[in-house]
Amino acid sequence: MARKLPHKDVVVIGLGWTGSILSYELCEAGLDVVAIERGPWRDTPLDFQPYTAPDELRYRIRHELFLRPAQVSVTFRNNASQEALPVRNWGAFMLGNGAGGAGLHWNAETWRFLPSDFVLRSHLTQRYGANFLPQDMTIQDWGIKWDEIEPHYDRFEYLCGTSGTAGNVKGAVQDGGNPFEGPRSRPYPTPAQKQPFSHTLFAKAAREMGYKPFPQPSGNLSQAYTNPLGVTLAPCTFCGFCEWFGCANYSKASPQTTILPALVRKKNFEARTECEVVRINLDSSGKRATGVTYVDTSGEELEQPADLVLLCAFQLFNVQLLLLSGIGKPYDPTSGQGQIGRNFTHQTVSGGIGFFDKDKFNFNPFIASGAIGMCIDEFNGDNFDHGPLGFVGGGYLGQVQTNGRPIETTPLPPGTPAWGPQWKQALRDNYLSTVFCGAGVHASFYSYRDNYLDLDPTYKDRFGRPLVRITMDFHENELKMSAWLTDKFGEILQHMGAKQVVKQPRKGPYDVTKYQTSHLCGGAIMGDNPSNSAINKYLQSWDVPNLFVQGATAFPQNAGYNPTGTVGALAYSSAAAIRSQYLKNPGPLVHA
Amino acid sequence: MPDRVHAGRAALLAVLLLAPPGAVADNQDFSQIERGRYLTIAGDCNACHTLPGSGKLLAGGRPVETPFGNLLAPNITPDLETGIGAWSDDEFVNALTKGTGRAGTRLYPAMPYTYMTKTTREDALAIRAYLKTVPAVRNPVRSNQLPFPFNIRLGLAAWDQLFFTPGTFHPDSRKSAEWNRGAYLAEGLMHCGLCHTPKNFAGGDTGRRLQGYVLQGWFAPDITSDRRRGIGGWSVEDIATYLKTGHNRVQAASGPMAEMVMDSSSKMSDADLRAIAVYLKDQPGGSDQASASQPDQALMKTGASIFVDECAACHRQNASGVPGMFPTLAGSPAVQSTDPSSLLRVILRGARSAATDAAPTAPGMPAFGWLLSDQEVAAVATYVRNAWGNAAPPVSSDDVAKARSALSRRSD
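Taken in sequence, the protein lines are chains A and B.
For the first sequence, my numbering gives the first residue as 4, with consecutive numbering after it.
For the second sequence, my numbering gives the first residue as 70, with consecutive numbering after it.
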């Protein structure tokens, strides 16, 4: 029997980006907020120092910052005919843990989606006709329009201090920015980061080929910046230890560097770390959340009652908690009925390696940041005519090489032996003169009827709760897109002057052991009515109106961009709706 | 709120039973209590009289370090037996401004009555009015923990004769009202000199006012207008911003100063902080001459390499730092102080800067004591004290070894 704790106005599950944003916003509204976080507290000066943070073995290879699979894992299979097995070492994606969540270890690529991404099905149907889409593709509109979300993108960027070059300010296209972006209300808060040699060379080649290259919007800052909360970030030093790492220089936007220092000063905020929420509690009607039950490190089960429950965990665990708590109807891929677990997506990432003449090119690849890069957006979303191509979707192409870290930066031409003196010589010859860009083609992953999440029938966690089960594979549409985009990318590498280009298009089947990105999306998607979605456009549960489900869980499908900008924008949009509408009149904010 | 009710009763009893009729304070005088609260913050009474982490405001018990041993700050809540609830207002004012204990004993000058003496009776009574309203806490504290012979209070009368000039602040008519307000606070209630003025053999202030002094393992820097060792290079705005936020364009408060900023100056009015800044800008420094000795060039070269590897990521290659975040080392008084204690301390042990409402980030300097040898610390310290136009005596490995050993005995 759980020990019942004193009531709070708001309980927040998970203290990553969305949990931090929502906690701050609701503390500002005067509410008593408690955040319950599964992992430890993490703080820049105590946990990340310039002399220990850049440790590839500790953080990248040994996954120091990530959730330990022994605590909680997931199971995986490609399709329903297989038996899913538990993931015992993270591969295709990384699961953040502790204060800051995935916002601590991200690369800080801070993109906005295209206006057409939010109305994807209507847009594509209108342009190409309903029969152009694959039969089993279940993409849909988000239920939110560009004008509604733009102010919240702006808030997130001004929280982070995002460094970039605007491409479209209030409809006026700007030189040097992304001409395809939706109209923004104002420029980025800080100018774009400086670009190293290979990134500059990519932009030059792209420009010569008629494209319009622009700097990738970066949460690693070009200059010091104090955000509206009064928290200050310092300029990036281009150390190249961003993704998988905490930033010791206060240069990468994260909850630690933008919100938590201001949040912990609030007397109406409390964080309980190393406490794992096991379920969201409902009243007897099943339509109202009464709070959460969690377990602390002593093993004691505690019940935290609250008026408002904000589910802010990572995408997979948001879906798992909904399923375990009996909220909404679990998705059934056979009938297509039910919303929880539906439209689960990832990202379609591919790339290429360009080997250059070592006597003419020295790229110094270790001068980098996680969100450095020069990109083109000509082949993202529906910025190009898909009619003759036979697929939908797209992505940005870019020289976005984020590091030259010694263990993994091993660009070797095909045919190099896997070990020995020849391996060493080939590495010596190529390390400095190779464009070695893991995610140079960063493309969409649309939703399908048979890619979904549910509860595993066999494998359970230490509390006896079923693990969440991933059923997912690449579909023909994505593989075709990846091959086509990777060819385009290869052309640019060639034009840069590479003596050899090795293209690496994404191939099926989906491999859970090989890292791609941690951009898992969907499973409790947003939409304009309960028959096509789990939550409304304010991320409010259709079934339990005092529950808001934050994060990429809401994405009906994934676009060709990194998702965090959109996750942050949706969080601010949700917070604004809670503050301006819900608190005055608690209940459903959308009547469908 | 049982504690507050208790405090109210205690205060009432004190008034009814003990105070002479003429001195009965109006304990509903809201503006007097508010003023007293502000002055209690300005005087940072909390710094010594509240044991950190105890949750017992002003109930005493915090060890106050002196060169002669530790004293425990007494309980100044209105508790009748263990606090000052039974004291008359006059007894309180005498303690604050004359260093007289209740039974006529002398207080140790760790209680800065040598500064507080400048406080007007009106302000002292306001502080008293506020202190009557805080929750009464029963917490007996035996203040005197000094070893023999310093535990004998007899000598204190003689000490006062030598080093204590009692008397309320007299405004200087040649200076502005703002200057005088700043002087009243800085020389009096805020007792800046307690840490920042060098002391003589007996712990009394020397004539080198505000030119820096070592205590609690830190060098409280020169805060005169000396342009190299002091804050002569700071504008009035720089000083006020530093006191308000703990940071300014060149420096970040850490150690006991960070504590002072967080508990006291960050909560003071902008007008008062500006007044203090105006006053400090007008305080003459000592000799403004750079170090005559030329540091060893090999040592400087080693120091430069260490600086690039370990320091430049935050402090930048040219030592400009990052405003509001990482201190500027070029031209820094903290780096060029004659006594390198603070510099060695932050290198060896690291430090965390002040977190305030206006500047909540509170960046930290990591400890390098585990990473750098005594020779390496000496090299990098000598380098930063003598690069970019800086000039200060070199630091030797012996200095570092001594600092390391002294720090190893400190828990703070």
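Backbone N, C-alpha and C fix where the C-beta goes; we use that ideal spot for every residue, glycine too.
**Study point:** Cross-chain neighbours of B:Asp307 in chain A, by beta carbon under 8 Å
**Key:** Along the second sequence, one-based indexing puts residue 307 of chain B at 238. The premise fails here: B:Asp307 is roughly 17 Å from chain A at the closest Cβ pair, so nothing lies under 8 Å.
Review point. Just how far apart, CA to CA, sit A:Gln1 and A:Leu162?
Key: Summary: the structure shown does not reach residue 1 of chain A, with chain A confined to residues 4 through 595, and so no result is reported for it.
**Study point:** A:Asn480 - DSSP class collapsed to helix/strand/coil
**Key:** Stepping through the first sequence from its first residue, residue 480 of chain A is reached at position 477. The answer is helix: DSSP assigns A:Asn480 an H, G or I state.
Practice item. Excluding the 5 residues preceding and the 5 following A:Phe369 in the sequence, name in chain order all residues of the same chain whose CB lies nearer than 6 Å to its CB. Key: As a first step, residue 369 of chain A is located in the first sequence; it is residue number 366 there, counting from the start. Counting only Cβ-Cβ distances below 6 Å, and skipping sequence neighbours, we find Gly243 and Gly407.
Point to revise | Sequence ranges, beta strand (DSSP E) only - wholly within the segment 254-317 of chain B, length at least 3 | key: 282-284 and 287-289
**Study point:** Proximity below 7 Å, CB of A:Phe382 to CB of A:Lys517
**Key:** Residue mapping note: residue 382 of chain A aligns to position 379 of the first sequence, counting from 1. Residue mapping note: residue 517 of chain A aligns to position 514 of the first sequence, counting from 1. Contact flag unset, no.
Exercise for review: Pull up the distance between the alpha-carbon of B:Glu247 and that of B:Pro325, whole angstroms please.
Suggested key: Translated into positions along the second sequence, residue 247 of chain B becomes position 178. Translated into positions along the second sequence, residue 325 of chain B becomes position 256. Near 27 Å, if we compare the C-alpha coordinates of B:Pro325 and B:Glu247.
Point to revise | the segment 175-193 of chain B / the segment 235-254 of chain B touching (three or more Cβ pairs under 8 Å) | key: yes
Review point. Would A:Tyr585 count as contacting chain B if we go by Cβ distances under 7 Å?
Key: In the first sequence, counting from the first residue as 1, residue 585 of chain A sits at position 582. Not closer than 7 Å to any Cβ of chain B, the Cβ of A:Tyr585 fails to qualify, so no.
**Study point:** Expected contact under 8 Å - CB spacing of A:Gln404 and A:Ala371 to nearest Å
**Key:** Here residue 404 of chain A corresponds to residue number 401 of the first sequence, with the count starting at 1. Here residue 371 of chain A corresponds to residue number 368 of the first sequence, with the count starting at 1. The pair is a contact, with the Cβ atoms about 6 Å apart (cut-off 8 Å).
Practice item. Using a Cβ-Cβ cut-off of less than 7 Å, give me the residues of the segment 360-385 of chain B that come near chain A, in sequence order. Key: Glu379, Ala382 and Cys383
**Study point:** Within chain B, partners of A:Asn406 - CB distance below 7 Å
**Key:** Within the first sequence, numbered from 1, the residue matching residue 406 of chain A stands at position 403. Chain B residues near A:Asn406: none, gap ~16 Å exceeds 7 Å.
Point to revise | Proximal residues to B:Met329 (C-beta, below 8 Å), its chain only, five neighbours per side dropped | key: Within the second sequence, numbered from 1, the residue matching residue 329 of chain B stands at position 260. So the list reads Asp113, Ala116 and Ala322, once near-sequence residues are dropped.
**Study point:** Span of the beta strand (DSSP E) around A:Arg472
**Key:** Stepping through the first sequence from its first residue, residue 472 of chain A is reached at position 469. Pro469 to Thr474 is the extent of the beta strand (DSSP E) around A:Arg472.
**Study point:** Every unbroken alpha helix (DSSP H) within the segment 82-158 of chain A, with a cutoff of 4 residues, ordered by chain
**Key:** 105-108 and 123-131
Review point. What is the residue span of the alpha helix (DSSP H) that A:Ala429 lies within?
Key: The count along the first sequence starts at 1 and reaches residue 429 of chain A at position 426. Where A:Ala429 is concerned, the enclosing alpha helix (DSSP H) stretches over Pro424 to Asn433.
Practice item. Can you tell me the Cβ-Cβ gap for B:Met13 and A:Ala227, rounded? I've got them flagged as a contact below 8 Å. Key: Nothing about residue 13 of chain B can be reported from this structure: the residues present for chain B run from 70 to 481 only.
Review point. Quick one: any contact between the segment 383-390 of chain A and the segment 466-474 of chain A, if contact means 3 or more CB pairs under 8 Å?
Key: no
Exercise for review: May I ask which residues mark the beginning and end of the alpha helix (DSSP H) holding B:Thr109?
Suggested key: For the purposes of this step, residue 109 of chain B is taken as the residue at position 40 of the second sequence. From DSSP, the alpha helix (DSSP H) with B:Thr109 extends over Phe99 to Ala111.
Check your understanding: Roughly how many angstroms lie between the CA atoms of A:Met377 and A:Asn367, to the nearest whole one?
Key -> Position 374 of the first sequence, counted from the start, is the residue given in the question as residue 377 of chain A. Position 364 of the first sequence, counted from the start, is the residue given in the question as residue 367 of chain A. If you take the alpha carbons of A:Met377 and A:Asn367, they lie about 16 Å apart.
Check your understanding: Taking 7 Å as the CB-CB cut-off, is B:Met394 touching chain A?
Key -> As a position in the second sequence, residue 394 of chain B is number 325, starting the count at 1. Between B:Met394 and chain A, the shortest Cβ-Cβ separation is below 7 Å.
Point to revise | Proximity test, Cβ basis, 7 Å: B:Asp481 and chain A | key: The residue given as residue 481 of chain B occupies position 412 in the second sequence. Answer no: the Cβ-Cβ gap between B:Asp481 and chain A never drops below 7 Å.
Check your understanding: Is the Cβ-Cβ distance between A:Gly539 and A:Val593 less than 7 Å?
Key -> Taking the first sequence and counting its residues from 1, the one referred to as residue 539 of chain A is at position 536. Taking the first sequence and counting its residues from 1, the one referred to as residue 593 of chain A is at position 590. Correcting the residue identity first, residue 539 of chain A is Asn in this sequence and not Gly. In contact: A:Asn539 and A:Val593 (Cβ atoms closer than 7 Å).
Practice item. Confirm, please, whether the CB-CB distance from A:Ala574 to A:Tyr541 is below 7 Å. Key: Walking along the first sequence from the start, residue 541 of chain A turns up at place 538. Walking along the first sequence from the start, residue 574 of chain A turns up at place 571. Not a contact, by the Cβ cut-off of 7 Å.
Check your understanding: According to DSSP, is B:Asp158 helix, strand or coil?
Key -> As a working mapping, residue 158 of chain B is identified with position 89 in the second sequence. Note: B:Asp158 maps to helix in three-state DSSP.
Review point. Short check: CB of B:Ala195 to CB of B:Leu108, under 7 Å?
Key: If you number the second sequence from 1, residue 195 of chain B lands on position 126. If you number the second sequence from 1, residue 108 of chain B lands on position 39. It is a contact, given that the beta carbons lie within the stated cut-off.
Review point. Buried or exposed: B:Val377, going by 16 or more other Cβ atoms within 10 Å of its Cβ?
Key: Position 308 of the second sequence, counted from the first residue, corresponds to residue 377 of chain B. Classification of B:Val377: exposed, given that the 10 Å Cβ count is below 16.
Check your understanding: For A:Lys587, does the count of other Cβ atoms within 10 angstroms reach 16, so buried, or fall short, so exposed?
Key -> Within the first sequence, residue 587 of chain A is the residue found at index 584, counting from 1. So A:Lys587 counts as exposed.
Check your understanding: What's the C-alpha gap between A:Pro2 and A:Gln350?
Key -> Past the edges of chain A, shown from 4 to 595, lies residue 2 of chain A, and the structure says nothing about it.
Check your understanding: Is A:Phe466 buried or exposed, if buried means 16 or more other CB atoms sit within 10 Å of its CB?
Key -> As a first step, residue 466 of chain A must be located in the first sequence, where it is residue number 463. By the neighbour-count criterion, in which a residue is buried when 16 or more other Cβ atoms sit within 10 angstroms of its Cβ, A:Phe466 is exposed.
Review point. Just curious, the alpha helix (DSSP H) that A:Glu279 is in, first and last residue?
Key: Residue numbering aside, residue 279 of chain A sits at position 276 when the first sequence is read from its first letter. That residue, A:Glu279, is in no alpha helix (DSSP H); its beta strand (DSSP E) goes Glu279 to Leu285.
Review point. Do the CB positions of A:Gly22 and A:Ala38 come within less than 7 Å of each other?
Key: On the first sequence, position 19 is the one that residue 22 of chain A refers to. On the first sequence, position 35 is the one that residue 38 of chain A refers to. It is a contact, given that the beta carbons lie within the stated cut-off.
Exercise for review: Decide if B:Lys28 is buried, meaning its Cβ has at least 16 other Cβ atoms within 10 Å, or exposed.
Suggested key: Chain B is shown only over 70 to 481; residue 28 of chain B falls outside these bounds and no answer can be derived.
Exercise for review: Find the residues of chain B that neighbour A:Arg268, judging by a C-beta separation of less than 8 Å, and give them in chain order.
Suggested key: The count along the first sequence starts at 1 and reaches residue 268 of chain A at position 265. Under the 8 Å cutoff, chain B gives Ala424, Asp426 and Pro429.
Review point. Less than 7 Å separating the beta-carbons of A:Ala572 and A:Ile142?
Key: Counting from 1 along the first sequence, the entry for residue 572 of chain A is found at position 569. Counting from 1 along the first sequence, the entry for residue 142 of chain A is found at position 139. Not a contact, by the Cβ cut-off of 7 Å.
Exercise for review: Indicate whether at least one CB of chain B lies closer than 7 Å to the CB of A:Pro368.
Suggested key: As a first step, residue 368 of chain A is located in the first sequence; it is residue number 365 there, counting from the start. No, A:Pro368 lies away from the interface with chain B (no Cβ there is under 7 Å from its Cβ).
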